[in-house]
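Protein chains in written order, with the working numbering: chain X, 1 to 785; chain Z, 786 to 1570.
The beta carbon of each residue, even a glycine, is placed where N, CA and C say it ideally should be.
Below: one structure, written as structure tokens.
Protein chains: 2
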Amino acid sequence: MVTNTLMNYTTGRENLQHWLVSEDGFRPEWLGKGESVFSLGNGYMGLRSVTEEHYANETRNLFVAGTFNKFAENEVTELPNAADLIWMEFKLDGIRFDLTQGNILSYRRTLNLKEAELVRDITWQSSNGNVYDLTFRRFVSMDNLHVIAQRVTITPKQNSVLSLTSGIDGQTTNSGVQHFLEGNKRLYDGRFMQQIQTTTESGIDFVFHSVHRFYQRESMNPTSIIKMDRRQIFFDYSDIEIPANEVFTIEKYSTVFTSRDKELNAVTTEELANHALNVTRNVESKGYENLFIEHIQAWDELVWSRTPINIKSKEMFDQLAIRFAQYHLAVMTPKHDNRMNVGAKGLSGEGYKGHTFWDTEIFILPYYTYTNPKIARSLLEYRYLSLPGAHRKAKENGYDGAMFPWESAWLDDGEVTPVWGAADIVTGEATKIWSGFIEQHITSDVAFAAWQYYHITGDQEFMDHYGYELLIDTAKFWASRLEWNESENRYEINQVVGPDEYKEHVNNNAFTNYTAHWNIQKAIEYVELLRIEKPNLFEQLNAKLDLETAEARFRHVLDLIYLPQVREDGVLPQDDTYLQKEIIDLSKYKNQENVGSMFYDYNLEQVNEIQVSKQADVMILMYLLEDLFSADVKRANWEYYEPKTLHDSSLSLSTHSVLASDLGNRELAYSLFRRASEIDLGPNMKTSDAGIHAASLGGIWQAVINGFGGVRMTSGNLRISPMLPEAWDELTFSINWKGETLDIYASHDKVVLTRRAPSIEPLTVEIYGEKQTITETFTSEVLSV
Amino acid sequence: MVTNTLMNYTTGRENLQHWLVSEDGFRPEWLGKGESVFSLGNGYMGLRSVTEEHYANETRNLFVAGTFNKFAENEVTELPNAADLIWMEFKLDGIRFDLTQGNILSYRRTLNLKEAELVRDITWQSSNGNVYDLTFRRFVSMDNLHVIAQRVTITPKQNSVLSLTSGIDGQTTNSGVQHFLEGNKRLYDGRFMQQIQTTTESGIDFVFHSVHRFYQRESMNPTSIIKMDRRQIFFDYSDIEIPANEVFTIEKYSTVFTSRDKELNAVTTEELANHALNVTRNVESKGYENLFIEHIQAWDELVWSRTPINIKSKEMFDQLAIRFAQYHLAVMTPKHDNRMNVGAKGLSGEGYKGHTFWDTEIFILPYYTYTNPKIARSLLEYRYLSLPGAHRKAKENGYDGAMFPWESAWLDDGEVTPVWGAADIVTGEATKIWSGFIEQHITSDVAFAAWQYYHITGDQEFMDHYGYELLIDTAKFWASRLEWNESENRYEINQVVGPDEYKEHVNNNAFTNYTAHWNIQKAIEYVELLRIEKPNLFEQLNAKLDLETAEARFRHVLDLIYLPQVREDGVLPQDDTYLQKEIIDLSKYKNQENVGSMFYDYNLEQVNEIQVSKQADVMILMYLLEDLFSADVKRANWEYYEPKTLHDSSLSLSTHSVLASDLGNRELAYSLFRRASEIDLGPNMKTSDAGIHAASLGGIWQAVINGFGGVRMTSGNLRISPMLPEAWDELTFSINWKGETLDIYASHDKVVLTRRAPSIEPLTVEIYGEKQTITETFTSEVLSV
């Protein structure tokens, strides 16, 4: 594994303890790590943490949520990499500022999670012996979602002369793919650089502005020349004389607006540009300090005050890890617009092209459902708004109802999974990616998440507007998807990929069949409920979905759906053939740091014939529909499947951690939590190159709250059974439950549950298996589960 | 000026004296210089000399002549940057090979002009103290135009382990513009990587192959994994153990084919790919040594044996400079295909997008006309084949005949000059580029070059097929372009840009009016000649061009065309208003190294109102139509215009050098020759970043042969009046004259002219103003001109 001692988790002191992640050295071959894990953003946009100055093999990314574009017919739509606004090149006494040259006398780069600011502190000696202190600060405002602010201070140890190139560079691409037409470039007021670019296929206008401010004791204006090149507008500033030990400050204020911005809909490009210019003028006149104060207030309200999680652990890393997860969840989630969702790499890299997977519903949504239902609802509304694409996909495949795309982009895009992937080592050709065609469980995942949201939040208005329809429309897909097996007298679901993507074209994947069955079952319940309790809504949905016919079909198929059964040894077959496949020694691939290393020896076709899993499959079924399986069955399946699971998907470890908690194995749960936490934050310097692992970060929250915190909603009821690992002394957190906030404290001795706003309505919570009725607060001893 | 001591012109020894250009150090901020001036190629393709490993701010370019593509409607067509085949990344004992890290113990990179091979020799100490000798050799075959060969040897000073990533990277762009659709990637025979890409608009298929060979004492195969990513196919080789002081050799053979290749026309993409794969198999089995021998033989035949130029100079640089010019002229000229021409930056950079300007006809073509007429003819045939676009341009502008585009790309593209350029420092907007609209002298430049070619080569067949038609069709344009000035009773040409692009929208630019007049005059001569001597061809062309009507128009306008007249002081007005404009102190801009520095203080509109010229304008008229002006007039105009000329165009210095020779000022001519030679080859490390200066390299040849050699064709007659500068002892060269080769020797004392193949037909040559009739050889004293 590529590990090092650059990552430093203990630089936070006093009120910043467990809030800082630092990198204590500059290594040009590990740029990707810092770019991803230190990335900034606000859900509107995500900025990879590249340095101001260029280095080889860097990946300069700025993504704006929802602005998908397709380069060509044979490629899928993706989030285009917007112009580079961070770019600055410095010459200090005639020598380019370049950390690969001269000597680095001191270096620390720190992401402050609490204030969402990135700070790079360097003392650099250039090749001519001159020494300079440089500090680079930047943030992407959580208050004004369009703003990026930078402040650079340079303090030379000798009289020095600085020149600077800085501006807007629209030459950026997605690994060579250019998504923008070149548009107008223009300078306003002699200072405000403007560049307009439009996406080639989706026709979205982007308007970029940058403006500088300079201080040397007081505000000043260096000699400057405005320049334009292809997709670039920038200033060359020169002959800036800085006396020894004096501070020279550069501030750069940049803004990003697009014609996809909801609040600006239906204006012309010119109006958009004028609006953006005016905002930029205001932003610049406000200044760094004021913008920063508003920014940290917004962060506090959104995350840190609303959803504090305190872990008192012997391991410094743990508290940091959960905050790191919360930080990135806030950075990646487009909470401002229900037409957008979370990408599998958030907004931190090109990986997975900004597409939304089941990662949202199964791994990320629980965090929001339990802590910020408004955001959870917005993400579910995205699926509702995506129904046209889901209907189209169903129709194209010969089915009814809503067949959600495996990968989802803009609302009406439908299926956007790429068709070709990595090299097949046997044939020499690209491997076909089947997920977009036959990984179909996404449809029940969406239904499950809506149901879960409803029961945890009690948001009846959501159900009336979106939830019932989603549950029934998805069930209609499944009811049409089933295949009748005459000889077995049952309905089957054949030729699918389940959660374990190392098994393609399998029949009766347990996860798929069980969740499809559950989906239809819920739909029957809701059709019944609507008919009786909400006749108007029933009529409305009946007109849309033909409930009568649908219900008849649901009732006909339900009990005929084949649900693979637990064997005598307790093992639930993952699919019809898994248990008959070859068993090989997997230690080489389980121990290796490189995920996917098995493909250096086998192609996918060969892997398909071995009892090996990429990730939790049966196990995640037993997590989601936990009431269907006994503890013994869960344990038997863990013991059978975990040794065959390579955890090559970042979605796997956290699920296993929660399940280990469920099975009462706290230390195993803890070690899996640690491994999951280290996927991005840990010292492996290569795994996050293409972006952070969004689902894994949601999974970390689940490992803490659903795992160690033992929080679960089953059949609409709340269950809490905390069980802390050895290393932890205390865990404190809050959850939302049907509109109220519950504060939970857990130690090894006791659990205290407090209703923040006490109510006359008693609250029933199952604590360690016992139903408790709580009015204000309740304290329990810790019991083993 | 950014100068340094990295460039070393004296590394060639013995038979390689004056053949080597070296760079004696690695400076990451000066990558562009080496990439351009060391660039390799064969006219089919041009490869910028980037390093195998990546560095920040590098520009990795591979261009294939004639493969133009347009990214979007609002951008002009350009040569797309093809896949990077040179790419290799090395890890030596776990540390990335990166010259910005560790210590460079020795370094030299050398371009061998004679053998057209680039060699990089390095001893590198990595940050862990290990030391390695590395040698990187490569060439782009002049024998098989599709082949790039690389050989890398690594000799560690200690037992070492190497890993290597190498393959085909199609993520390259033109400054962010992606011209290719992603196509198939495939591995054949477990070794041959293939990637196919198609241009987005012009639909040209590119087929790339790369294959490796490895040697450690003998041929071996390291552990390898084939990988694919977006537009990439590559191998990861690992665990290569190299004992101390043993040589490990990596060879990489790459080929490039496109569906625009003439010899492969009309085959399917699949056939093209199969053909390319088979060629690659043959190339790989042939091996580096054999390919290299064929390559240097081809260079010898094409250039060094055919066109030797020997300068015995006190300055080492001079001999090297002329060879450097010949080298790059061979690298940049697509001699294999008459549908292609020379770009203003050759194939060495993105500057000017691969477009052809008057640079070809006026600055480059004389070299070929005098030394390799077949190539000159091919370049002229390109203009003939471009007539459809020239007709369209004329029609679109309301004119007749052939109006050649200011910038020319593919045959039927017509005008491809971009419309928007650099920032206007006053308005803050992009400056409009008027050349494509109104820089019209290109049309008479083409006519002039065809006429010059004919009289120097005597190629009647060219005239019959192309020349007459070109001369008459261009004259038709001019005849229609003229504007009648009723009050002055004359035809004028108004609202143009002449050669001096700092004067836009001028009336009666002398260069334009005189050459247009000349063009019409020649057309009248040829129509007459055809009618009398070639009645069949006359009829043929009459049917095409309506010669009768055209001739009437020609005769009507000829004497009414306004030709600006020399003033009493001998100055010929550059246009109607130049001499009335403000005269300012230009020393700040004439002395500065940065071309275009005047635009830091003025915008183009303001520059337009000052007596300042970008480049030779009146002076180049007096060079081309030299018989029209007396020596006194030439001198007067030199003295008036040269001080007002910034030489901001690389086309200016060499012309001035030739003219200084004409005026008998040998030392001025020499100093201008030196300045011209240093544009690319000199130690200014920034001027060639966007590519070498093609016209300037042709101009260097003219400064030597037409200037110091005093060679000139006037009215169809050969004139030779050598006049060497002080620094030179001898100049020896050959020229082609009407099908035979003349060898010329000149010293300060005597001139010897020898007909290589003596003929009974006597040859008349004007030597120092005296007509001499030569049968075998002729010796003259040197006389002042």
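{"Asked": "Span of the beta strand (DSSP E), counted from its first residue to its last, around threonine 1053/Z", "Found": "Threonine 1053/Z -> no beta strand (DSSP E), and no H or E assigned at all."}
{"Asked": "Histidine 1113/Z versus leucine 1482/Z: straight-line alpha-carbon distance, rounded", "Found": "7 Å"}
{"Asked": "Through-space distance from tryptophan 420/X to tryptophan 410/X, alpha-carbon basis", "Found": "21 Å"}
{"Asked": "Residues sharing a beta bridge with phenylalanine 234/X, DSSP", "Found": "Gly167/X and Lys227/X"}
{"Asked": "Contact check, glycine 401/X vs alanine 475/X, beta carbons under 8 Å", "Found": "yes"}
{"Asked": "Lysine 432/X at chain Z interface by Cβ criterion, 8 Å", "Found": "no"}
{"Asked": "Residue-chain proximity (methionine 1/X, chain Z), Cβ-Cβ < 8 Å", "Found": "Note that methionine 1/X scores 45 on pLDDT, short of 50, meaning its location in the model is unreliable; the coordinates nonetheless yield the value given after this. By this cut-off, methionine 1/X is not an interface position."}
{"Asked": "Own chain, CB closer than 6 Å to glutamate 501/X, minus 5 neighbours either side, in chain order", "Found": "Lys614"}
{"Asked": "Euclidean distance between Cα positions of valine 765/X and threonine 741/X", "Found": "13 Å"}
{"Asked": "With 16 other Cβ atoms within 10 Å as the buried cut-off, status of isoleucine 240/X", "Found": "buried"}
{"Asked": "Valine 1211/Z in three-state terms, based on DSSP", "Found": "coil"}
{"Asked": "Nearest-angstrom beta carbon gap, asparagine 854/Z and histidine 964/Z [assumed within contact, 8 Å]", "Found": "4 Å"}
{"Asked": "Assigned secondary structure, lysine 393/X (DSSP; H/G/I helix, E/B strand, else coil)", "Found": "helix"}
{"Asked": "Contact test: glutamate 117/X Cβ vs the ligand HEM heavy atom, cutoff 7 Å", "Found": "As far as ligands go, the structure on display features none, and thus does not contain the ligand HEM."}
{"Asked": "Residues that aspartate 883/Z contacts on chain X, provided the C-beta gap is smaller than 9 Å", "Found": "Pro28, Glu29, Ala56 and Thr100"}
{"Asked": "DSSP three-state assignment for threonine 773/X, whether helix, strand or coil", "Found": "strand"}
{"Asked": "Residues that aspartate 1573/Z bridges to, as DSSP identifies them", "Found": "The requested residue 1573/Z does not occur in the structure, where chain Z is confined to residues 786 to 1570."}
{"Asked": "Cα-Cα separation between glycine 739/X and histidine 336/X, rounded to whole angstroms", "Found": "21 Å"}
{"Asked": "Under 8 Å by beta carbon: chain Z residues contacting isoleucine 225/X", "Found": "Ile1210 and Tyr1385"}
{"Asked": "Opening and closing residue of the beta strand (DSSP E) in which methionine 873/Z lies", "Found": "873 to 877"}
{"Asked": "C-alpha gap between valine 992/Z and threonine 1043/Z, whole angstroms", "Found": "6 Å"}
{"Asked": "Bridge partner(s) assigned by DSSP for asparagine 1270/Z", "Found": "Arg1275/Z"}
{"Asked": "Distance, isoleucine 168/X Cα to methionine 193/X Cα", "Found": "8 Å"}
{"Asked": "Lysine 70/X at chain Z interface by Cβ criterion, 8 Å", "Found": "no"}
{"Asked": "Buried versus exposed, by CB contacts within 10 Å (16 or more), asparagine 338/X", "Found": "buried"}
{"Asked": "Separation of valine 177/X from aspartate 412/X, as counted between CA atoms", "Found": "23 Å"}
{"Asked": "Where glutamine 702/X meets chain Z, residues with beta-carbon distance less than 7 Å", "Found": "The contacting residues do not exist; glutamine 702/X stays about 31 Å from chain Z at best."}
{"Asked": "Other residues of its chain near glutamate 89/X: CB distance less than 6 Å, five sequence neighbours each side excluded", "Found": "Glu53 and Thr165"}
{"Asked": "Per-residue burial, alanine 65/X [other beta carbons within 10 Å of its own, 16 or more giving buried]", "Found": "buried"}
{"Asked": "Where the beta strand (DSSP E) containing asparagine 736/X begins and where it ends", "Found": "728 to 737"}
{"Asked": "Test: alanine 1061/Z CB closer than 8 Å to a CB of chain X", "Found": "no"}
{"Asked": "is_contact[glycine 975/Z, chain X] using C-beta, thresh 8 Å", "Found": "yes"}
{"Asked": "Three-state class that DSSP yields for threonine 51/X in the structure shown", "Found": "coil"}
{"Asked": "Three-state secondary structure assigned by DSSP to lysine 1319/Z", "Found": "coil"}
{"Asked": "Chain-ordered residues of the region 71 to 84 of chain X with a beta carbon less than 9 Å from chain Z", "Found": "Phe71, Ala72, Glu73, Asn74 and Glu75"}
{"Asked": "Any C-beta of chain X under 8 Å from that of alanine 1207/Z", "Found": "yes"}
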